[in-house]
Amino acid sequence: MAIRPILHHPDPRLRIKAKPVVTFDTALHRLIDDMFDTMYDAPGIGLAANQIGVDLRVAVMDLADGDTRPMVLINPEITDSTDRKVMEEGCLSVPGALDKVERFNHLHLKALDRDGTPFELDAEGLLAQAIQHEIDHLDGKLYIDYLSSLKRERILKKLKKAEKMAE
Ligand code: GNR
Ligand code: NI
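Quick note on numbering that gives the first Met the number 0: the sequence shown kicks off at 0 and runs consecutively.
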C-alpha cells in the first residue's frame, strides 16, 4: 500500500491514450490498492492510472456518499448515454480550479472488475459524471479541454503561479 504522486497538467503522460489491461495479476492488484490510497489521501472521488504515470486503462472511484460502493473500472466502455447536463467539475491533475462542463447525466457502462470478470452498470448524476471524467483521462483528455480558451488560460495561469510558489 502506498500513496503515489499525482501528475499535474501539463505533464505529457496525462496526454497518452492508456492501454487495455490484459493481465489480472498481483501487480495489477497492487496498482489498484495504491490508486485507492492515493485517491483517499488527495482526497478525490476518482483516479485514473495515468494520473500516477501508469499507462493502463484502470480507474478507481468512491463518491463517498454513503450509498455508492468503492469501484474499480478496468477497460471501461460507455455503451449508451443520454440527458446532457452542465455540471461543475474539478480534477486532481489541475489543482485549485473548478468549472462547468457539459456531460451526460445517464449512462450505461461495460467494464471488467479487478479479477477480469465483466460487469455492466447504469450510472446517473455525479457517478455518471465521474465515470466520463475518468474515461477521458484514460483517453488522454482533461476537462479543461472543453472550456473556452479564455477560461482555460485563466486556470493554467493560476496553476503555474501556484506551482512556482510551491518550489
Ligand atoms: O475528486 C474529483 N472530483 C470530481 C468532481 C466532479 C467531477 C469529476 C471529479 S473527479 C475528481 C478526481 C479526479 O481528478 N479524477 O480524475
Ligand atoms: Ni481528474
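Note that beta-carbon positions come from the ideal geometry of N, C-alpha and C, so glycine has one too.
At least 7 Å separates the beta-carbon of residue 85 from that of residue 142. Setting aside the 5 residues that flank it on each side, residue 70 is surrounded in the same chain by 60, each with a C-beta closer than 6 Å to its C-beta; the list follows chain order. In the DSSP assignment, residue 140 falls outside any alpha helix (DSSP H), carrying neither H nor E.
Residue 88 and residue 55 have their C-alpha atoms roughly 23 Å apart.
With respect to the C-alpha of residue 151, the residue from 3, 74, 98, 127 having the closest C-alpha is 98. Fully enclosed beta strand (DSSP E) runs of no fewer than 3 residues occupy 70-88, 98-111 of the stretch 63-121, in order along the chain.
Classified as exposed, residue 149 has fewer than 16 neighbouring CB atoms from the shown chains inside 10 Å of its CB. Residue environment analysis places residue 78 among the exposed positions, since fewer than 16 neighbouring C-beta atoms fall within 10 angstroms of its C-beta. Separation of residue 103 and residue 159 (C-alpha to C-alpha, rounded to the nearest whole angstrom) is 31 Å.
Residue 32 holds the alpha-carbon nearest to the alpha-carbon of residue 113 among 92, 32, 80, 16. For residue 1, there is no enclosing alpha helix (DSSP H), as DSSP marks it with neither H nor E. Per DSSP, the unbroken beta strand (DSSP E) holding residue 47 starts and ends at 45-47. Closest option to residue 14, judged by alpha-carbon separation, among 140, 123, 36: 140. In the same chain as residue 134, and ignoring 5 residues on each side of it, the C-beta atoms closer than 6 Å to its own belong to 75, in chain order. Residues of the same chain with a CB within less than 6 Å of the CB of residue 44, apart from the 5 flanking positions on each side, are 62, 129 in chain order. With respect to the C-alpha of residue 91, the residue from 24, 51, 107 having the closest C-alpha is 51.
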